[in-house]
Structure formats: C-alpha cells, structure tokens
Ligand SMILES: *Cc1c(COP(=O)(O)O)cnc(C)c1O
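Residue numbers (our numbering): 383 to 844.
Here it is in structure tokens:
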C-alpha cells in the first residue's frame, strides 16, 4: 500500500494543486503536500484502507492542511459557558479603552522607560504606580507578569531562608499547579503551618512567631470554600499581632477586587483598599480576574516592603511587557469612576447584568436568529445559573438566561462538537441532554458569528 502513496513532485503537478499556486506562496503549498503525504503514510501504517489514497481524497486533504496552516492557532471563540472569568478561554475580555491603548503603543515607539519630564531614563513601573496607590490607598506599588510571579517575588524578597506562617486552611492549590506549599519552597521561604483545616485562630499565629519569622501570610482560598464549623484569623487580627511583634503581614488576594459589588448581590469580597486599611502590609492580586484587565500581577503595600522588590534581581525575569502595561493602565483609569468601570469593563459588566436584562437579551436573540435559521433549528429559552470563575466567589450562582439550541436529528453531543469546530468556535455546555448557551457571557460582537455557526451546524447535521 505504501507504494501507492504518490510522490510530492507528482502531486504538485496535478492541475487542482497547481491551481492553488497563484493564491498561496509556493513553500506553503509544498509544505501542505509534504505534511499530507506524511499523514497518509502514518495512516496507512496504522492500517487505514486504500480510500484515503484516492486522488480526490488526497487533494481534499492537501486543501484542508493548507487552510489549517493559514489560520492562527490562537483565535477568538464565543464563550457560551456562563463562566465569566474563564481560565481556559482567556479570562477577562478587555475594555475598549484597553484595546485602544495596546494599539497606540504596539506598532511604534513609546516612553516605556523614558522620563519625558526630565529627558532621562525612566522606569516602566512608574506608569501605573500612582494610579494603583490612588485606587487602593497603598503607599507604593509594583506590577509584574502575573499574580503567581508577584507572590514568588514577594516571598523570595522578603522571606528567603526565613519562616512564613500560614493557616492550614489556606494551603490551597489554585490550578495550573500553583500550590502554596510548592511556591513557598521554590521561593526559598520556609513554610510554617498553623491551625487546622477548618479552624485557625490568631493565637495559633502568635505561638508560631519566633526570631526566624519573616512574614505572616494570608491566602485567599479562591476556588474553594470551607463551610460549617470554621474560623480563620482576619487580616485585622493578623495585623495587630504583626505590629506588636514587628512581623509584616502579606495577603495573596487572588482575584483582587477594586470595587464593592455587594449591591449587585455579589458580596463578601473585601476590596484591596479595605484589606490595606485593615492593616495588610503587602497585597498581591491578578490583573485579569475580577479586575477585568490584562494578565498581570499587582503588588500594593508599604513603601519599605515594596521598595526591596523593585531592586530584586528576579523582577527582571517576571517583568511586565509594554502591551500589557498599556492595557493595564487604561483599565485601571476606568476605576477612577465606579460607574465607568461597571459600564466599560466587560468582566464587571457581565457579572452585574441583571436577570431581567439577560431575559430580554435571550428573547431578542431567539427572535432575531429565528428569522434566518433553517426550520430544522429550534431555539428555546431556559433559566439557569452562571458563575464568576477565575477563583472568585466559588459558591456564587448568578441567575441567568440560557438558550437551548436544538437541531433536528442531531444529539446535543453532535451539536456541541460541530459548533466547537466552527470558524469562530462556540463553546457551550450540555446539561440534562440539552445543549445550552449562557447569554451572560456572549458578547454583542459575537452575535453574527454565532448565527453563522448555528446556520452552518444545521447544514452539517442534515
Ligand atoms: C489565581 C490566583 C493566583 C495566581 O494568579 P495568576 O495571575 O493566575 O498568576 C495566585 N493566588 C491566588 C489566591 C489566586 O486565586
């Protein structure tokens, strides 16, 4: 059978393949033919039948390969999951202002590390420091690549070779193998666990403090919750103890909230400003979770603790890049006014959209799509729940409107698979044998691509 696989030069001479040449660079066509023939060889060796070697099949495979090669691997998808900060789908979509800021510095030069006032060398960190201090009440601030880096940098700068006291109930794994005990080890700090899984008291911390103690650390438990008979030392208690004994208190706040969302039924999460006011000396949090900006790690706190971080050699390895910085500054500027933040930052807007509005939106979409979809497709509205994601508010369930997509003769699994492979992939979920899209996380700009994807899915399921 291997002998039946055509040679590369032969295939390139086939008129159908030669016809591709005006529209595609020759090296691309050559590469597609080579890859296709390699694939065919592997399939034949794997026991595939002769049909895959038929001329038409080979031509179709070359064309498909060429299409795959010319589309980006990383591309936009439609988030119909209802998980607002979806880690696998790129976490927070950016505000328009952040996107514009990226554009404005991306293709030219900028004053990234140049002080325009004095005409001398400046630092990239200065562009957002004052803004973060203004929004959080911190004395000093620093931004790095992500929150994991912020925690590593802070621990290795403030606690190298010394002890860090943490509650057993907060020794969490965040996902992506970020585990507090491992991070501690990697940063050269020595972990001292106190308390129990469900209950830790401030006296557990005070008995653990000794000459070798560098930090008292509190970790936001993010994506899980301990409920029932529980107790954790508060930041205020830890700060009182810390000040008494001269031990700084650090908080890994995880998601990091700059705005009180309790009036939207999303309560119980203190803002970074509140944590600092309660006495935390250093707080770290993410830029792309609840904050709704680009991937970044933000460190805010006392000047004498942030200062050494700015001098630390590890900082260079985790430094923030200029596009991220541009987007972060633009996002943070929106927080100067609560109303503009809620309106312009997609993550906040999606989290705080009321159920009445989601209902109206679902009705509008069903009506509008219904006019152009084939009659094999039925769209139905249901009620359900969305979640915040991103390790924030693990128990929160936000009432939402769902659109069920039904296609005649197609199972929910089939619909899921076909929509997932659309030119603009649609990611939904199957619940109780229904294929569902959550209206909360579908952006307005997704709607035409969504309609096209469902239309094409109906074609394919015929
Ligand atoms: C998400 C999270 C991290 C990691 O933050 P990244 O920005 O993803 O690096 C660290 N700690 C906590 C508590 C988190 O929730």
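We treat Cβ as the ideally placed atom computed from N, Cα and C, and that holds for glycine. Computed from a predicted model, the values in this text were never measured in an experiment.
Distance CB(residue 536)-CB(residue 681) smaller than 8 Å: Numbered from its first residue, the chain shown carries residue 536 at position 154. Numbered from its first residue, the chain shown carries residue 681 at position 299. Taking 8 Å as the Cβ cut-off, residue 536 and residue 681 qualify as a contacting pair.
Residue 769 lies in the beta strand (DSSP E); which residues open and close that run? Translated into positions along the chain shown, residue 769 becomes position 387. Looking at the DSSP string, the run of the beta strand (DSSP E) that includes residue 769 is 759-771.
With H, G and I counted as helix, E and B as strand and the rest as coil, what does DSSP make of residue 644? As a working mapping, residue 644 is identified with position 262 in the chain shown. Note: residue 644 maps to helix in three-state DSSP.
Between the Cα of residue 786 and the Cα atoms of 814, 806, 772, 775, which residue gives the shortest distance? To locate residue 786, count along the chain shown from 1; it is residue 404. Closest by alpha carbon: 814.
Report the three-state DSSP secondary structure of residue 747 (helix, strand or coil). As a working mapping, residue 747 is identified with position 365 in the chain shown. Three-state DSSP puts residue 747 in a helix.
Using a Cβ-based criterion (distance less than 7 Å to any ligand heavy atom), does residue 406 qualify as near ligand 1? Within the chain shown, residue 406 is the residue found at index 24, counting from 1. Because no heavy atom of ligand 1 lies under 7 Å away, the Cβ of residue 406 does not count as near it: no.
Sorry if obvious, but does the Cβ on residue 530 come closer than 7 Å to a heavy atom of ligand 1? Position 148 of the chain shown, counted from the start, is the residue given in the question as residue 530. Indeed, a heavy atom of ligand 1 lies less than 7 Å from the Cβ.
Kindly examine ligand 1 and report whether one of its heavy atoms sits closer than 7 Å to the Cβ of residue 749. On the chain shown, position 367 is the one that residue 749 refers to. Checking the Cβ of residue 749 against ligand 1 gives no.
Entirely enclosed alpha helix (DSSP H) segments - the stretch 712-745, minimum 4 residues: 720-726, 728-734
Put residue 527 into one of helix, strand or coil per three-state DSSP. Position 145 of the chain shown, counting from 1, holds the residue named residue 527. If DSSP states are grouped into helix, strand and coil, residue 527 belongs with coil.
Any heavy atom of ligand 1 closer than 7 Å to the beta-carbon of residue 696? Locating residue 696 in the chain shown gives position 314, where the first residue counts as 1. No, the beta carbon of residue 696 sits no closer than 7 Å to any heavy atom of ligand 1.
Using the Cβ count rule (16 or more neighbours within 10 Å means buried), how would you classify residue 799? Taking the first residue of the chain shown as position 1, residue 799 is located at position 417. That one is exposed.
Leaving out five residues before and five after residue 754 in sequence, what residues of the same chain have Cβ atoms less than 8 Å from its Cβ? To locate residue 754, count along the chain shown from 1; it is residue 372. Result list for residue 754: 833, 837, in chain order.
Terminal residues of the continuous beta strand (DSSP E) containing residue 679? For the purposes of this step, residue 679 is taken as the residue at position 297 of the chain shown. Looking at the DSSP string, the run of the beta strand (DSSP E) that includes residue 679 is 679-683.
From the DSSP output, in three-state form, read off residue 572 for me. Here residue 572 refers to the residue found at position 190 of the chain shown. DSSP places residue 572 in strand when its eight states are reduced to three.
What is the DSSP secondary structure of residue 788, counted as helix, strand or coil? Looking up residue 788 in the chain shown gives position 406. Residue state, collapsed to three classes: strand.
Under the rule that 16 or more other beta-carbon atoms within 10 Å means buried, what is residue 780, buried or exposed? The residue you call residue 780 lines up with position 398 of the chain shown. Buried, because 16 or more other Cβ atoms sit within 10 Å of the Cβ of residue 780.
What separation, rounded to the nearest whole angstrom, lies between the Cα atoms of residue 524 and residue 749? Here residue 524 refers to the residue found at position 142 of the chain shown. Here residue 749 refers to the residue found at position 367 of the chain shown. Each residue's Cα considered, the two are about 49 Å apart.
Given this structure, state the Cα-to-Cα distance separating residue 602 from residue 675, to the nearest angstrom. The residue given as residue 602 occupies position 220 in the chain shown. The residue given as residue 675 occupies position 293 in the chain shown. Residue 602 and residue 675: Cα-Cα distance of roughly 20 Å.
Cβ shell of residue 716 (< 8 Å), same chain only, five flanking positions each side left out: Walking along the chain shown from the start, residue 716 turns up at place 334. 477, 479, 722, 723, 726, 727, listed in sequence order.
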